[in-house]
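Asks: Position one of the sequence shown corresponds to residue 26 (the numbering used here), numbered consecutively onward.
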Amino acid sequence: CLTKAHLNAPIDYESLVELGAIMGSGGLICMDEDTCMVDMARFFMEFVQDESCGKCVACRLGTKRMLEILERITRGEGVEGDVELLIELGQTIKATALCGLGQTAPNPVLSTIKYFREEYDEHIRHKYCRAGVCSDLFLSPCENACPAGVNVPGYVALIAANRPIDAYNLIRQENPFPAICGRVCTHPCESSCRRAQLDEPLAISDLKRYASDEAMKADKPVVDLVFPKKNKSVGVIGAGPSGLSCAYYLGRLGYDVDVYEEQPVAGGMLAIGIPEYRLPKEVLAHEIRTICQVGIKVHTATEVGKDISFAELKKQHDAIYISTGTQHSRKIGVPGESLPGVYHGLDFLRDINLGRDVKIQGVVAVIGGGSTAMDAARVALRKGASEVHILYRRGIEDMPAEKREIHEAIEEGVIIHELVEPLSFEGRTGVERVICQHMKLQGFDKEGRRRPVKIPGALITFDVDMVIPAVSQYSDLPFVRKDEVEMTDWGTFVIDADTQKTTMDGIFAGGDVVRGADVVITAIADGKKAAQSIDRYLGGDGLLNKGEPIDIPAPIDDPDLVEHERFAMKCLCPDERCKSFDEVFRGFHKLNAIAEAMRCLRCDRR
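Structural data, given as structure tokens:
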């Protein structure tokens, strides 16, 4: 079993033997994120049981022992040392088996351990199957796919029963940002929804938004249960989704929590990186107010290392969580990048969101294919650009931005140019031209994407009035001495993945400052995990205070229930939405939300 990094390997006998193919497999099997590599290894060991001739003990009994261990792991009964035992057994069988089948039989196990060791560790330590295949380790595929572990079937069932406020409160037990995630989450839950095997996945994210919108309309203050004060203090650096999530759960446990934010507003990238047509300011403000009601204090316009030193914070607090994100745009490194009129993506979106004066006119070129590039392009249109062109060095299908974002940008008039890479920006008093190289796709990179290579002599020039490079972001942590904590070459923290703890005592980290630029829901999950770890570090049991349990309705058993396709939310037409920053999607009507929720197959009930 090989990774995407091996896509360039030649398909011949010598190469496949060296990489660890199994004799008699009869071909190649392509797998994706929906394949559990532990279960795949179990499948091959099961296959070997029927094929082994039994003339040597190593093959017949050795592979049987390996199968038994793998079956235990996939049932959630694995223990520390199982992986090492599998490696020892596999190597012994390879060395002592008498035929080609026995000598290659352990290869699927050994190669999956070599290349996908983290999946084995997750099965054994956390009883978690990321692919949602090992059914003993989860209740429903959607909940299993959510990094924050939100009870998706539960809140969908509550919406179907016309209990949206209860649905909202159930979501908040695991995720304090339901209204925000209902708008900007990448919803991995929907990719795992079994309803897609019948027609289309459930509109899980849209239903989350509906429950949140109904809760905000009700205008009833959320009252979270807060434990008595512990007389211990935690400092959080960065008021983004990860930092605020950590602060929220610690606040509910009774800790005194102070959050330090460099920007004049709380919210991190939610506040400065996402345009208002996707995330209205009043929605963000409502979520932050609700979080702060548990007693945490947010200090905005407070830069650690300048307004207060890191050493002072360590003295003031018993533990610290760093969640400063990737707050700077990375330059693309071409001549002319410092010309007037070149405005890097994150800086551009931040200044727009903070209401600063940004002059936009004429033709705008945006470099990149991620969410920041899409947002910058659509904002430029709304701010008066006559044309907006996105220049991307791969194809549209390779863009990391969500497909819906790309579709909406094209609807609004953004022009996307594939397979072009900027070589330089030119102009006399400001940027006037982007000189690009035509590219072609050839081979694969280590991430499994087709590698763009230059076509010699194939140049193209774009006449522009403004350029917005939006290719990547990075972290800058001047307040942390690099000799006192371990960092990666990318400037992110090295942490214990099980606890979010850095190599500095009492200092934890999570979100983009660990992962690099990532998505909201993983940042929230990191913050929640850090809160558990900080509680244990300070003498607690690591159990979060999520409030009283909420009764979940039984599945609806109605023979007259009419089946229907997925409901879509209403949205503004492209011509209308380009004229303002009004929210594009308008939300579900009550009846549509209930009907959509009734499409749920309730995979949690077995």
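Glycine included, C-beta positions come from ideal geometry on N, C-alpha and C.
For Pro117, write down the residues that DSSP places opposite it in a beta bridge.
Replies: Indexing the sequence shown from 1 puts residue 117 at position 92. The residue you asked about is not Pro; residue 117 is Thr in the sequence shown. DSSP lists no partner for Thr117.
Asks: List, from N- to C-terminal side, the alpha helix (DSSP H) runs of 4 residues or more that fit wholly inside the stretch 50 to 88.
Replies: Complete alpha helix (DSSP H) runs here, min 4: 62 to 76.
Asks: Mind checking whether Gly564 and Ala548 have CB atoms under 8 Å apart?
Replies: Within the sequence shown, the letter at position 539 stands for residue 564. Within the sequence shown, the letter at position 523 stands for residue 548. Contact flag unset, no.
Asks: Give a yes or no on whether the C-beta atoms belonging to Gly612 and Arg197 are separated by under 8 Å.
Replies: To locate residue 612, count along the sequence shown from 1; it is residue 587. To locate residue 197, count along the sequence shown from 1; it is residue 172. For Gly612 and Arg197, no; Cβs fall outside 8 Å.
Asks: Let me know if Arg142 comes out buried or exposed under the rule of 16 or more other beta-carbons within 10 Å of its beta-carbon.
Replies: By 1-based counting over the sequence shown, the position of residue 142 is 117. Answer is exposed; the Cβ neighbour count stays below 16.
Asks: Going by the beta-carbon positions, is the gap between Val404 and Ile377 smaller than 8 Å?
Replies: Within the sequence shown, residue 404 is the residue found at index 379, counting from 1. Within the sequence shown, residue 377 is the residue found at index 352, counting from 1. Result yes, Cβ atoms of Val404 and Ile377 sit closer than 8 Å.
Asks: For Ile347, which of Ala556, Ala483 and Met464 has the nearest alpha-carbon?
Replies: As a working mapping, residue 347 is identified with position 322 in the sequence shown. Here the closest residue by C-alpha is Ala556.
Asks: Secondary structure at Glu451, three-state DSSP: helix, strand or coil?
Replies: One-based indexing of the sequence shown puts residue 451 at position 426. Strand, per DSSP.
Asks: Is His463 a contact residue of the ligand COA, with contact defined as CB to any heavy atom under 7 Å?
Replies: This structure lacks the ligand COA; in fact it carries no ligand of any kind.
Asks: Mind pulling the alpha helix (DSSP H) runs of 4 or more residues that sit fully within the stretch 316 to 357?
Replies: DSSP runs (the alpha helix (DSSP H)) wholly in the stretch 316 to 357: 335 to 341.
Asks: Since His414 is in the beta strand (DSSP E), which residue starts that stretch and which ends it?
Replies: What you label residue 414 is simply residue 389 of the sequence shown in a count that begins at 1. Per DSSP, His414 belongs to the beta strand (DSSP E) from Glu412 to Leu416.
Asks: Excluding the 5 residues flanking Gly103 on each side, which residues of the same chain have their C-beta closer than 7 Å to its C-beta?
Replies: Position 78 of the sequence shown, counted from the first residue, corresponds to residue 103. Closer than 7 Å at Cβ, skipping near neighbours: Arg97, His148 and Ile149.
Asks: To which residues does DSSP link Arg458 through a beta bridge?
Replies: Taking the sequence shown and counting its residues from 1, one reaches residue 458 at position 433. Beta-bridge pairing links Arg458 to Glu451 and Asp488.
Asks: With distances taken Cα to Cα, identify the nearest neighbour of Leu406 among Gly393, Glu437, Arg381 and Asp423.
Replies: Residue numbering aside, residue 406 sits at position 381 when the sequence shown is read from its first letter. Comparing Cα positions, the closest option is Glu437.
Asks: Looking at the strands, I want to know which residues DSSP matches up with Ser258.
Replies: Locating residue 258 in the sequence shown gives position 233, where the first residue counts as 1. DSSP output for Ser258 lists Asp281 as bridge partner(s).
Asks: Considering only their Cβ atoms, is the gap separating Gly207 from Ser230 smaller than 8 Å?
Replies: One-based indexing of the sequence shown puts residue 230 at position 205. One-based indexing of the sequence shown puts residue 207 at position 182. Yes, these two residues count as a Cβ contact at 8 Å.
Asks: For the candidate residues Pro201, Asp238, Cys210 and Glu239, whose alpha-carbon lies nearest to that of Asp249?
Replies: What you label residue 249 is simply residue 224 of the sequence shown in a count that begins at 1. That would be Pro201, whose Cα lies nearest to the Cα of Asp249.
Asks: I'd like the list of long-range same chain contacts for Pro226, defined as Cβ closer than 6 Å, with 5 residues on each side in sequence excluded.
Replies: Here residue 226 is taken as the residue at index 201 of the sequence shown, counted from 1. Within the same chain, Pro226 has close Cβ partners Glu215, Cys218 and Arg220.
Asks: Spell out the partners DSSP gives Arg475 in its beta bridges.
Replies: Counting from 1 along the sequence shown, the entry for residue 475 is found at position 450. In the DSSP output, where bridge partners are listed per residue, Arg475 has Phe469.
Asks: Give a yes or no on contact between the stretch 354 to 369 and the stretch 487 to 499, applying the rule of three or more CB pairs nearer than 8 Å.
Replies: Output reads yes: the stretch 487 to 499 touches the stretch 354 to 369.
Asks: Does the contact criterion of 3 or more C-beta pairs under 8 Å hold for the stretch 327 to 346 versus the stretch 294 to 305?
Replies: The stretch 327 to 346, when compared against the stretch 294 to 305, does not touch it at the 8 Å Cβ threshold.
Asks: Taking the alpha carbon of Pro133 as the reference point, which residue from Glu412, Asp400 and Leu114 has its own alpha carbon closest?
Replies: Your numbering for residue 133 matches position 108 in the sequence shown. It is Leu114 whose Cα lies nearest to the Cα of Pro133.
Asks: How many angstroms separate the CA atom of Leu569 from the CA atom of Gly552?
Replies: Taking the sequence shown and counting its residues from 1, one reaches residue 569 at position 544. Taking the sequence shown and counting its residues from 1, one reaches residue 552 at position 527. Roughly 12 Å separates the two Cα atoms.
Asks: Give the C-beta separation of Gly468 and Arg476 to the nearest angstrom, bearing in mind that I take them to be a contact with Cβ-Cβ under 8 Å.
Replies: Residue numbering aside, residue 468 sits at position 443 when the sequence shown is read from its first letter. Residue numbering aside, residue 476 sits at position 451 when the sequence shown is read from its first letter. Their Cβ separation, rounded to whole angstroms, is 5 Å, which keeps Gly468 and Arg476 in contact under 8 Å.
Asks: Can you tell me whether Cys159 is buried or exposed? The criterion is at least 16 other CB atoms within 10 Å of its CB, across all chains shown.
Replies: Translated into the one-based positions of the sequence shown, residue 159 becomes position 134. Cys159 should be labelled buried.
Asks: Using C-beta distances below 8 Å, list every residue in its chain close to Ala291, excluding the 5 sequence neighbours before and after it, in chain order.
Replies: By 1-based counting over the sequence shown, the position of residue 291 is 266. If we look at Ala291 and ignore the five residues flanking it on each side, its Cβ neighbours are Ala264, Leu269, Val284, Ile313, Val323 and Thr325.
Asks: Which of the three DSSP states is assigned to Lys233 in this structure?
Replies: What you label residue 233 is simply residue 208 of the sequence shown in a count that begins at 1. Three-state DSSP puts Lys233 in a helix.
Asks: Going by other Cβ atoms of all chains shown within 10 Å of its Cβ, with 16 needed for buried, is Thr513 buried or exposed?
Replies: Taking the sequence shown and counting its residues from 1, the one referred to as residue 513 is at position 488. Label assigned to Thr513: exposed.
Asks: If you reduce the DSSP assignment to three classes, tell me which class Met464 lands in.
Replies: Here residue 464 is taken as the residue at index 439 of the sequence shown, counted from 1. Note: Met464 maps to strand in three-state DSSP.
Asks: Are Cys596 and Phe610 closer than 8 Å when you measure CB to CB?
Replies: Counted from its first residue, the sequence shown places residue 596 at position 571. Counted from its first residue, the sequence shown places residue 610 at position 585. Yes, Cβ-Cβ distance for Cys596 and Phe610 is below 8 Å.
Asks: CB-CB under 8 Å to Val445, same chain, minus the five flanking residues each way: which ones, in chain order?
Replies: Here residue 445 corresponds to residue number 420 of the sequence shown, with the count starting at 1. So the list reads Leu416, Tyr417, Arg418, Cys461, Gln462, His463, Met464 and Ile485, once near-sequence residues are dropped.
Asks: Leaving out five residues before and five after Val175 in sequence, what residues of the same chain have Cβ atoms less than 7 Å from its Cβ?
Replies: Numbered from its first residue, the sequence shown carries residue 175 at position 150. Closer than 7 Å at the Cβ level, and outside the excluded window around Val175, lie Glu168, Ile196, Glu199 and Asn200.
Asks: Could you tell me how far apart the beta carbons of Val545 and Phe518 are, in whole angstroms, since I believe they sit closer than 8 Å?
Replies: What you label residue 545 is simply residue 520 of the sequence shown in a count that begins at 1. What you label residue 518 is simply residue 493 of the sequence shown in a count that begins at 1. Incorrect: roughly 19 Å between the Cβ atoms, too far for contact.
Asks: On a CA-only basis, which of Val388, Gln128 and Glu144 is nearest Thr60? Give me that one, please.
Replies: Working through the sequence shown from its first residue, we reach residue 60 at position 35. Answer by Cα proximity: Glu144.
Asks: Buried or exposed for Thr454, going by 16 or more other Cβ atoms inside 10 Å?
Replies: The count along the sequence shown starts at 1 and reaches residue 454 at position 429. Flag for Thr454 reads exposed.
Asks: Which residues in the same chain as Asp146 place their Cβ atom closer than 7 Å to its Cβ, once the five residues preceding and following it in sequence are excluded?
Replies: Taking the first residue of the sequence shown as position 1, residue 146 is located at position 121. Around Asp146: no qualifying Cβ.
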